[in-house]
Amino acid sequence: MRYRPLSSRLYSKNRAHFMEAMEPGGLAVFNSNDIYPISADSTLPFAQHRDIFYLSGMDQEESILLLFPDAPKPEHKEILFIKKTSELIAVWEGQKLTQKQATVLSGIETVCWLDDFEMLFESLASEAKTFYFNTNEHYRAKVETQTREDRFIKWAKAKFPNHPTEKSNFILQKLRSIKDVEEIDQIKNAIDITEKGFRRVLPFIKPGVWEFEIEAEYAHEFLKNRSDGFAYTPIIASGKNCNVLHYVDNNAQCQTGDLILMDVGAAYGNYASDMTRTVPVSGKFTPRQRAVYEAVLRVEEAAMQLLIPGILIKEYHQEVGQIMTDELIQLGLLDQTMVKNQDPEKPAYKKYFMHGTSHHLGLDTHDYGLVDQPLQANMVLTVEPGIYIPEEGFGIRIEDDVVTQESGPPINLMKNIPKAADEIEQLMQQG
Ligand code: GLY
Ligand code: MN
Ligand code: MN
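Written out as structure tokens, the structure is:
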């Protein structure tokens with residue numbers, strides 16, 4: 005691996021917390037992701053399933069984690085199954101983890117070869133009351149493929165139809181939303197790499213540059229700093245493309261007078277960062293662009309102050325909506341009558357700001373977190389308001405990542421990444 009791994013202490017702690025939340029007699033299984041095929045013998049690069057990674061630090065395909073806190077034999081409470089290196093694998097792919105290496109990384113003493121999984125699972129299943137299955141219940145998930153986890157669940161249900169089942173996801177949503185200090189440091193590493201990328205592109209952006217050339221600058225800076233690459237498909241959107249929220253073509257040429265919205269984040273050690281900056285292609289905002297930019301910035305800074313333990317995301321979004329409404333009135337985009345007559349289910353500001361302001365961030369870019377529970381300390385969230393005005397040919401979003409505190413407003417983990425209009429203009433003119 006090219007990143008510095010987190011300590012096995014963290015993974016042992018994560019497993020202990022998971023097991024404390026299980027019912028007596030429960031047996032939980034977590035699978036790696038598949039290596040996804042393209043066609044012929046081509047595959048996508050391997051990307052580990054974040055749950056097995058969170059619980060073990062295993063970043064290798066075909067790994068399985070089994071947790072059975074009430075196992076009759078203590079060595080069966082935590083078992084890791086990994087792929088054994090054959091001579092063929094050694095020649096073509098290189099060595100896979102040894103059992104000793106897997107123990108050092110994960111803190112798990114019992115490491116078996118994958119070939120032994122079925123036999124051992126079957127013998128432990130007969131001693132378990134309940135299976136904990138790890139289904140994907142993320143509020144935004146839309147999955148059409150059958151995952152390795154799905155195949156395992158199907159197999160286990162057919163083999164042991166009388167075992168009741170529980171959901172691992174509910175426990176993981178809670179645990180993963182609160183970050184350990186080591187995780188926050190790893191997110192900070194990803195953010196520091198994102199900052200390097202942004203500082204690199206500022207003097208590079210000029211009229212005539214193509215969006216994909218800017219993407220390439222980020223990619224270069226990320227990879228040379230040991231990043232895993234982009235945490236999500238980057239959005240490099242100039243001119244009217246700023247108003248396409250999930251624009252990822254990145255194939256237009258930047259024009260004089262346009263803005264360019266860059267929603268880009270590096271991943272490091274499987275942790276994501278998520279940044280948006282919007283800058284003028286020519287290095288100077290027009291007065292109108294600057295007025296809208298400063299309005300978005302004020303909303304962003306005001307929203308951040310609201311992320312205090314105890315607040316519900318729903319209340320937070322309502323308050324941000326009110327702040328945004330006031331700014332849109334100042335900009336002449338809304339008027340008092342429109343606001344007075346608005347449908348509370350679809351407030352007037354949604355015409356110019358149609359997405360949410362914050363989401364959890366961590367191992368996944370849209371990370372786990374129970375969205376109807378009050379915020380707690382040590383949650384990492386984005387803050388990302390925007391104003392999109394197709395009729396004026398531009399849109400602006402500003403996005404930072406913050407960590408909530410025990411009391412008071414959060415710490416902005418992106419405070420070193422330039423966002424004041426004057427500073428952006430100054431850095432762009434150094435090119
Ligand atoms: N880059 C994805 C998001 O901001 O949510
Ligand atoms: Mn983003
Ligand atoms: Mn985001």
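This note's numbering numbers the first residue of the sequence shown as 5 and each following residue consecutively.
C-beta: ideal position from N, C-alpha, C; glycine also.
This structure is a prediction, so every number in the text was calculated from the model and none was measured.
Is the beta carbon of residue j closer than 9 angstroms to that of residue i?
{"i": "residue 244", "j": "residue 389", "result": "no"}
{"i": "residue 324", "j": "residue 307", "result": "yes"}
{"i": "residue 301", "j": "residue 408", "result": "no"}
{"i": "residue 199", "j": "residue 208", "result": "no"}
{"i": "residue 370", "j": "residue 363", "result": "yes"}
{"i": "residue 249", "j": "residue 400", "result": "no"}
{"i": "residue 34", "j": "residue 59", "result": "yes"}
{"i": "residue 337", "j": "residue 355", "result": "yes"}
{"i": "residue 357", "j": "residue 246", "result": "no"}
{"i": "residue 224", "j": "residue 204", "result": "yes"}
{"i": "residue 384", "j": "residue 68", "result": "no"}
{"i": "residue 111", "j": "residue 8", "result": "no"}
{"i": "residue 63", "j": "residue 30", "result": "no"}
{"i": "residue 259", "j": "residue 242", "result": "yes"}
{"i": "residue 329", "j": "residue 295", "result": "no"}
{"i": "residue 135", "j": "residue 170", "result": "yes"}
{"i": "residue 281", "j": "residue 192", "result": "no"}
{"i": "residue 413", "j": "residue 314", "result": "no"}
{"i": "residue 36", "j": "residue 65", "result": "yes"}
{"i": "residue 402", "j": "residue 304", "result": "yes"}
{"i": "residue 149", "j": "residue 40", "result": "yes"}
{"i": "residue 162", "j": "residue 129", "result": "no"}
{"i": "residue 212", "j": "residue 429", "result": "no"}
{"i": "residue 332", "j": "residue 391", "result": "yes"}
{"i": "residue 118", "j": "residue 146", "result": "no"}
{"i": "residue 38", "j": "residue 152", "result": "yes"}
{"i": "residue 61", "j": "residue 92", "result": "no"}
{"i": "residue 501", "j": "residue 178", "result": "Any answer about residue 501 is impossible in this case: the structure gives the chain only from 5 up to 435."}
{"i": "residue 184", "j": "residue 318", "result": "no"}
{"i": "residue 361", "j": "residue 343", "result": "no"}
{"i": "residue 173", "j": "residue 140", "result": "yes"}
What residues match up with residue i in a beta bridge as DSSP calls it?
{"i": "residue 266", "result": "240, 281"}
{"i": "residue 137", "result": "171"}
{"i": "residue 303", "result": "According to DSSP, which records beta bridges pairwise, residue 303 is partnered with nothing at all."}
{"i": "residue 233", "result": "271"}
{"i": "residue 361", "result": "Partner(s): none; residue 361 has no beta bridge."}
{"i": "residue 407", "result": "384, 415"}
{"i": "residue 350", "result": "347"}
{"i": "residue 41", "result": "47"}
{"i": "residue 401", "result": "390"}
{"i": "residue 35", "result": "68"}
{"i": "residue 128", "result": "In DSSP, residue 128 forms no bridge with anything."}
{"i": "residue 150", "result": "Paired residue(s): none; residue 150 is not in a bridge."}
{"i": "residue 276", "result": "271"}
My assumption, with CB atoms under 8 angstroms, is that residue i sits in contact with residue j. Please give the rounded CB distance.
{"i": "residue 270", "j": "residue 201", "result": "7 angstroms"}
{"i": "residue 253", "j": "residue 285", "result": "At roughly 17 angstroms, the Cβ-Cβ gap does not stay under 8 angstroms, so residue 253 and residue 285 are not in contact."}
{"i": "residue 132", "j": "residue 297", "result": "Actually they are not in contact, since the Cβ atoms of residue 132 and residue 297 sit about 57 angstroms apart, beyond 8 angstroms."}
{"i": "residue 26", "j": "residue 20", "result": "Going by Cβ atoms, the distance from residue 26 to residue 20 rounds to 11 angstroms, so no, they are not a contact pair."}
{"i": "residue 268", "j": "residue 222", "result": "5 angstroms"}
{"i": "residue 138", "j": "residue 55", "result": "6 angstroms"}
{"i": "residue 372", "j": "residue 176", "result": "6 angstroms"}
{"i": "residue 381", "j": "residue 410", "result": "5 angstroms"}
{"i": "residue 23", "j": "residue 206", "result": "With a Cβ gap of about 48 angstroms, residue 23 and residue 206 do not count as contacting."}
{"i": "residue 182", "j": "residue 226", "result": "Actually they do not touch by this definition, with Cβ atoms about 27 angstroms apart."}
{"i": "residue 79", "j": "residue 113", "result": "7 angstroms"}
Near residue i, which residues of its chain fall below 7 angstroms by C-beta distance, leaving aside the five closest residues on each side in sequence?
{"i": "residue 418", "result": "195, 279, 404, 405"}
{"i": "residue 115", "result": "84, 86, 103, 106, 107"}
{"i": "residue 190", "result": "10, 272, 273, 275"}
{"i": "residue 251", "result": "239, 241, 245"}
{"i": "residue 6", "result": "230"}
{"i": "residue 420", "result": "199"}
{"i": "residue 51", "result": "37"}
Given residue i, which residues of its chain have a CB within under 6 angstroms of its CB, disregarding the five upstream and five downstream residues?
{"i": "residue 240", "result": "215, 218, 219, 254, 266"}
{"i": "residue 157", "result": "137"}
Tell me which residues share the same chain as residue i and place their Cβ nearer than 8 angstroms to its Cβ, disregarding the 5 neighbours each side in the sequence.
{"i": "residue 368", "result": "54, 142, 276"}
{"i": "residue 120", "result": "85"}
{"i": "residue 42", "result": "48"}
{"i": "residue 292", "result": "396"}
{"i": "residue 283", "result": "206, 209, 263, 264, 266, 428, 432"}
{"i": "residue 57", "result": "63, 274, 367"}
{"i": "residue 309", "result": "413"}
Residues surrounding ligand 3 [beta-carbon distance to nearest heavy atom under 6 angstroms]
Cβ-based neighbours of ligand 3 within the cut-off: 278, 363, 386, 388, 403.
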